[in-house]
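Just so we're aligned, residue 61 is where the sequence shown starts under my numbering, counting upward by one. Working notes, structure below.
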Amino acid sequence: MAYRKLGRTNKHRRSMLANLTKEVIKNGSIETTETRAKEVRKFVDKMISYGKSGSLVSRRKALAFLQNDNEIVKKVFDELAPKYANRKGGYTRILKLTERRGDDALMVILELVEEDAA
């Protein structure tokens, strides 16, 4: 699987992606750069898929990735999984904003999709 290194070491990148994933789950959306958002989207979708599975193994995998944050894992399994039960994927969307002053990085909003698929 190809992935973006984002100019960081492996441990720093994994920690950053876990923290951004937790923020998306906790707040529903975050504002970040486009490359980070595209990378974080994979992990948010994976956590919600784990929640839909509902097994003990998937709960432990989610806990391991989300740095043992029980509050966030509980929200994924108890609130988000039932909300997206009828949806097969695509739990997030990226809305483009403007370039950031200073380095012209494209800023975006990564948010959870609100409407349920019928």
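Using N, Cα and C, we set each Cβ at its ideal position, and we do this for glycine too.
Sub-8 Å separation of residue i and residue j beta-carbons
i    : j    : result
V29  : L172 : The structure shown has nothing for residue 29, since the chain only spans 61 to 178.
D105 : G149 : yes
E65  : R74  : The sequence given here places Lys at residue 65; Glu does not occur at that position. Not a contact, by the Cβ cut-off of 8 Å.
Chain-order list of residues whose beta-carbon lies under 6 Å from that of residue i (same chain, five-residue window excluded)
i    : result
K143 : none
Y63  : none
I90  : E83, V84, L170
Residue burial classification, residue i (beta-carbon count within 10 angstroms, cutoff 16)
i    : result
R101 : buried
L170 : buried
T158 : exposed
For residue i, the nearest candidate out of the options (CA to CA)
i    : options            : result
A122 : T81, R73, Y63, H72 : T81
Residue range of the beta strand (DSSP E) that includes residue i
i   : result
S89 : 89 to 93
Own chain residues within Cβ distance below 7 Å of residue i, not counting five before or after
i    : result
Y151 : V104, D105, I108, Y144, L172, V173
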